[in-house]
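Heads up: the structure comes next, in structure tokens.
In this note's numbering, the protein residues as written are 916 to 1293.
Structure follows, in structure tokens:
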């Protein structure tokens, strides 16, 4: 990652001095008289810098009339952006200057910036179980990434830059998505809406985890609320992706059915493509069903220790997740119905296995919620 850190000085020497102290290669060792210490062969002995996987130089930027520490992080997983930023802040304070912000040159991976946002949220004693965009905005503000020019998240993060989600159903306004679903088209259908229900279930659960994190008297469970909230966000994002994947999978079945069948070779190719597309169309709702089970497992503890004032929100989330599981299982059945018996049977066995888990989890969580509702009534 190419990364520059801005200083409130135009003195290039200060930036260079900081760069020498932080870069892995370090600076030349000197004796008490300030002379460079060399080996017998004449090579310079160096004192390593404070950051591994870091290359750095100091320079002055005429355009901004300020000095910068210009950095290349060769392994951001070992030496993170936030660790580098904090180290330069520390070194700047020693020299009587201040870091005003920083800039990313080119693109960067999503996880490198998410880790920064989570670091600063933890420093602020806030939960990290919030949407990625909010975590990224915390990172941008904490690192001062818009100090010199606006940091546009969609233009700077690799995954967002290369993603092709312009036609995504989940990019639509809620009303528009509902209207499109109501038309006489096969997609989006039951599978996509099951995934959508699951994503709402996880969104509500995350809300309860975050409300519980803030609730006085529940401080002892803060770590668990963070863990639950983070899982809710992860599962919510996966459900959202499955909304589109289900529709695309069924669209591919329709495309395969429409392939030419003029001769035996055409028919052979067409049949093969139909089977391939049908298996995928059954696999996607099966993924929704499996994920629904994980979602249900994630809210068991929340129903027990969460903010009691939000127990009905956990209840709504429960019914949404149960609907997601049951809706997905029905879509697996109808999509796998035309497959050969052995393949069809495999899907039916998996549905039976997951449906039993869904029923057991639903009954368990529902019992906890009902007992709390009775307590509230009393």
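Beta carbons: idealized from backbone N, C-alpha and C, even for Gly.
Within the stretch 1089–1113, the alpha helix (DSSP H) runs of at least 4 residues that lie entirely inside it are, in chain order, 1089–1097.
Residue 1012 sits in coil when the DSSP states are folded into three classes, being neither helix nor strand. For the pair residue 1148 and residue 1223, the CB atoms are not nearer than the 8 Å cut-off. If you draw a 10 Å sphere on the C-beta of residue 1274, you find fewer than 16 other C-beta atoms in it, and that means exposed.
Under the three-pair Cβ rule at 8 Å, the stretch 1126–1134 counts as touching the stretch 1216–1232.
DSSP, reduced to helix, strand and coil, places residue 1177 outside both helices and strands of the structure shown, so it counts as coil. The stretch 1100–1120 makes contact with the stretch 1145–1165, as at least three CB pairs between them are under 8 Å. Straight through space, the alpha carbons of residue 1280 and residue 1215 are spaced by roughly 6 Å. By the C-beta criterion, the stretch 1205–1212 is judged to be in contact with the stretch 1240–1259, since at least 3 inter-stretch pairs fall below 8 Å. Around the beta-carbon of residue 943, fewer than 16 other beta-carbon atoms lie within 10 Å, marking it exposed. For residue 1132, there is no enclosing beta strand (DSSP E), since its DSSP letter is neither H nor E. Taking the Cα of residue 1166 as reference, the smallest distance to any Cα among 1112, 1188, 1111, 1154 is reached at 1188. Around residue 1072, the same chain offers 1025 as residues with beta carbons nearer than 6 Å, after the five sequence neighbours per side are excluded. Closest option to residue 1212, judged by alpha-carbon separation, among 1120, 954, 966, 977: 1120. In the three-state reduction of the DSSP assignment, residue 953 falls in the strand class. Counting only runs that start and end inside the stretch 955–1011, the alpha helix (DSSP H) elements of at least 4 residues fall at 996–1009. Excluding the 5 residues flanking it on each side, residue 1263 has no same chain C-beta neighbour closer than 6 Å.
Excluding residues up to 5 positions away in sequence, 1160, 1161, 1164 lie with their Cβ nearer than 6 Å to the Cβ of residue 1199 in the same chain. Residue pairing from DSSP places residue 942 in a beta bridge opposite 962.
Comparing C-alpha distances from residue 1190 to each of 1145, 1234, 1170, 1030 shows the shortest one belongs to 1170. Restricting attention to 953, 1202, 974, 1254, the CA atom closest to the CA of residue 1266 is found in 1202. Between residue 993 and residue 968, the C-beta spacing is below 8 Å. Here the alpha carbons of residue 986 and residue 1061 stand approximately 17 Å from one another. Note that the C-beta distance between residue 1022 and residue 1076 is below 8 Å.
In the displayed model, residue 1265 falls within a helix according to three-state DSSP.
When rounded, the separation of the alpha-carbon atoms in residue 963 and residue 979 is 30 Å. For residue 919, the secondary structure class from DSSP, reduced to helix, strand or coil, is strand.
Between the alpha carbons of residue 1259 and residue 916 lies a distance of about 48 Å. Per the Cβ contact rule, the stretch 1035–1043 is in contact with the stretch 1135–1146 (3 or more Cβ pairs under 8 Å). Straight-line measurement puts the Cα of residue 1284 at about 10 Å from the Cα of residue 1233.
When 1122, 932, 1074 are compared, the shortest CA-CA separation from residue 984 is found for 932.
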